[in-house]
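Just below is one structure, and these are the notes that go with it.
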Amino acid sequence: MPVKSVGFAIGNLRARENRMLKKSDMLRLAAASDTDELAAALSDCGIDKKDGAEIPEMLSAETEKLWKYLTDNAPDMSLFEPFIYENDFHNFKAVLKGTVRNRDYGRLLITPASVDVVLLERAVKEKRFDLLPEFMKKPAAEAYDILIKTGDSQLADCVIDAGQMTARLKKAKELDNPLVLRLVTVSVFYSNIKAALRAARAGKGRQFLETVLTDTGVCDKAKMVSAALEGEEKLLELLSSKPEMGGDKAAECYRENPWKFEKFADDFLTASAGRCRYITIGAEPLVGYMIAKKTEIKNLGIIYSGVKTGQPSEKIIERLRELYG
Numbered sequence: 008m009p010v011k012s013v014g015f016a017i018g019n020l021r022a023r024e025n026r027m028l029k030k031s032d033m034l035r036l037a038a039a040s041d042t043d044e045l046a047a048a049l050s051d052c053g054i055d056k057k058d059g060a061e062i063p064e065m066l067s068a069e070t071e072k073l074w075k076y077l078t079d080n081a082p083d084m085s086l087f088e089p090f091i092y093e094n095d096f097h098n099f100k101a102v103l104k105g106t107v108r109n110r111d112y113g114r115l116l117i118t119p120a121s122v123d124v125v126l127l128e129r130a131v132k133e134k135r136f137d138l139l140p141e142f143m144k145k146p147a148a149e150a151y152d153i154l155i156k157t158g159d160s161q162l163a164d165c166v167i168d169a170g171q172m173t174a175r176l177k178k179a180k181e182l183d184n185p186l187v188l189r190l191v192t193v194s195v196f197y198s199n200i201k202a203a204l205r206a207a208r209a210g211k212g213r214q215f216l217e218t219v220l221t222d223t224g225v226c227d228k229a230k231m232v233s234a235a236l237e238g239e240e241k242l243l244e245l246l247s248s249k250p251e252m253g254g255d256k257a258a259e260c261y262r263e264n265p266w267k268f269e270k271f272a273d274d275f276l277t278a279s280a281g282r283c284r285y286i287t288i289g290a291e292p293l294v295g296y297m298i299a300k301k302t303e304i305k306n307l308g309i310i311y312s313g314v315k316t317g318q319p320s321e322k323i324i325e326r327l328r329e330l331y332g
């Protein structure tokens, strides 16, 4: 039977945290001469390589193991619901595109999920979006209409992403847990800013911005829309006015290079999650570990991409996210 004792879960977690990859491991992995050498090095680091598995599959398996550990050990899974919603909306994207285009999507699905894949499939095939949970009905129906009527996959994705952000923030507020709310707010805020900056750079109009941006609990949606219509610099000024979210530093990073902004946003979330380590009663330390492990897996994905494309190790290393702790 899965252990649900808080004391055992936290004690077990500390041991797992100690086994997480260190900066020295990342440096060694980034120095791999090719993907075969990288796969062998990953195996040495405890990331299993099944017969014939490519590195993306290895990393996907690491994500599955993370969620299995959490579901087996977390004394309270309710705190993970806003993060599981990400999986739900990801799965809907896969089912929607796969069904409409008659392509296999089985390998794209993520667990755990709060919405059964069979229900997602039925909703799309029968156009019965009323079958879905309240938090998913509207964006699911809108994304379906967009994809069927216009074939605009990018806009459909944006609608689903906006629905996901709205649902996650609403659920986080319902949980009445300040730390989880903070983490979800940081994630939703920066996701909106990223979307707004992309839209401003592409010269998108008001209707598009109203569709893809959401209320963040930090920055009024109407202000983001207005700023984006005036251009990237106006958005960066708005971002700079939110120092409590690291906005001033984030804007500086964007002006240097957009990838530095992306890194800053991820690092800010990881730093915010660091507070979880100091809570001794409750599931919060496991929430922090989840974010830390997802960051580790993202770093491995960055290393894989860099090694595969032949980038110098120093270029790969500078893009790596800060580690937990």
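If you count the sequence shown from 1, you need to add 7 to reach my numbering.
Glycine included, C-beta positions come from ideal geometry on N, C-alpha and C.
{"query": "Short of 8 Å in beta carbon distance, which residues of its chain neighbour F275, apart from the five on each side in sequence? Order them along the chain.", "result": "V193, Y197, M252, G253 and A257"}
{"query": "Pull up the distance between the alpha-carbon of F99 and that of T106, whole angstroms please.", "result": "10 Å"}
{"query": "I'd like to know if the segment 85-103 and the segment 115-135 are in contact, where contact means that at least 3 CB-CB pairs between them fall below 8 Å.", "result": "yes"}
{"query": "Got a sec: does the ligand ATP put a non-hydrogen atom nearer than 7 Å to the Cβ of I54?", "result": "As for the ligand ATP, it is missing from this structure, which has no ligand bound."}
{"query": "Who are the near neighbours of E88 in its chain, counting only those whose CB is closer than 8 Å to its CB and skipping five residues on each side?", "result": "S121, K178 and L182"}
{"query": "So, helix, strand or coil for I304, using DSSP?", "result": "helix"}
{"query": "Taking just the CA atoms, how far does D159 sit from E259?", "result": "33 Å"}
{"query": "With 16 as the cutoff for other CB atoms within 10 Å, does K301 come out buried or exposed?", "result": "buried"}
{"query": "Suppose you measure from the CA of A148 to the CA of E44; what does that come to, to the nearest Å?", "result": "45 Å"}
{"query": "Would you decide whether W266 is buried or exposed? Buried here means 16 or more other CB atoms lie within 10 Å of its CB.", "result": "exposed"}
{"query": "Could you tell me the distance, in whole angstroms, from the CA atom of A150 to the CA atom of S31?", "result": "44 Å"}
{"query": "Take the Cβ of I155 as the centre, count every other Cβ of all protein chains shown within 10 Å, and call the residue buried at 16 or more, exposed below.", "result": "exposed"}
{"query": "Please name the residue, chosen from V225, T157 and N264, that lies closest to L245 on a Cα-to-Cα basis.", "result": "V225"}
{"query": "Between the Cα of E321 and the Cα atoms of A299, P146, I17 and R35, which residue gives the shortest distance?", "result": "R35"}
{"query": "Please work out which residues of its chain come closer than 7 Å, Cβ to Cβ, to S247, disregarding the five sequence neighbours upstream and downstream, and give them in chain order.", "result": "G254, D255 and A258"}
{"query": "Going by alpha carbons, who is nearest to N109 out of V294, L204 and V131?", "result": "V131"}
{"query": "Hey, quick one: how far does the alpha helix (DSSP H) through R114 stretch, first residue to last?", "result": "Neither: R114 is in no alpha helix (DSSP H) and is coded neither H nor E."}
{"query": "Between L162 and the rest of its own chain, which residues show a CB-CB distance below 6 Å, the 5 nearest in sequence each way excluded?", "result": "I153"}
{"query": "Which residue marks the beginning of the alpha helix (DSSP H) containing S233, and which one marks its end?", "result": "K228 to E237"}
{"query": "Three-state secondary structure (DSSP) at C52?", "result": "coil"}
{"query": "Using three-state DSSP, classify Y331 as helix, strand or coil.", "result": "coil"}
{"query": "Looking only at C-alpha atoms, which of L242, G113 and A174 sits nearest to R205?", "result": "L242"}
{"query": "Rounded C-beta distance between E291 and L186? I'm assuming under 8 Å.", "result": "5 Å"}
{"query": "Cβ of R208 within 8 Å of Cβ of E239?", "result": "yes"}
{"query": "My output table needs one value for K315: the three-state DSSP class, helix, strand or coil.", "result": "helix"}
{"query": "Whole angstroms is fine: what's the gap from E64's alpha carbon to E71's?", "result": "10 Å"}
{"query": "Just to confirm, are L220 and A234 a CB contact at a threshold of 8 Å?", "result": "no"}
{"query": "Taking the straight line between their C-alpha atoms, what separation do you get for K211 and V191?", "result": "26 Å"}
{"query": "Given a cut-off of 8 Å, decide if L330 and I309 are closer than it, judged by their beta-carbon atoms.", "result": "no"}
{"query": "Roughly how many whole angstroms lie between the Cα atoms of I324 and L66?", "result": "18 Å"}
{"query": "If you compare alpha carbons, which of Q214, E237 and A39 is closest to L307?", "result": "A39"}
{"query": "Using a 10 Å radius around the Cβ and a threshold of 16 neighbouring Cβ atoms, would you call R21 buried or exposed?", "result": "exposed"}
{"query": "Whole angstroms is fine: what's the gap from L73's alpha carbon to M297's?", "result": "7 Å"}
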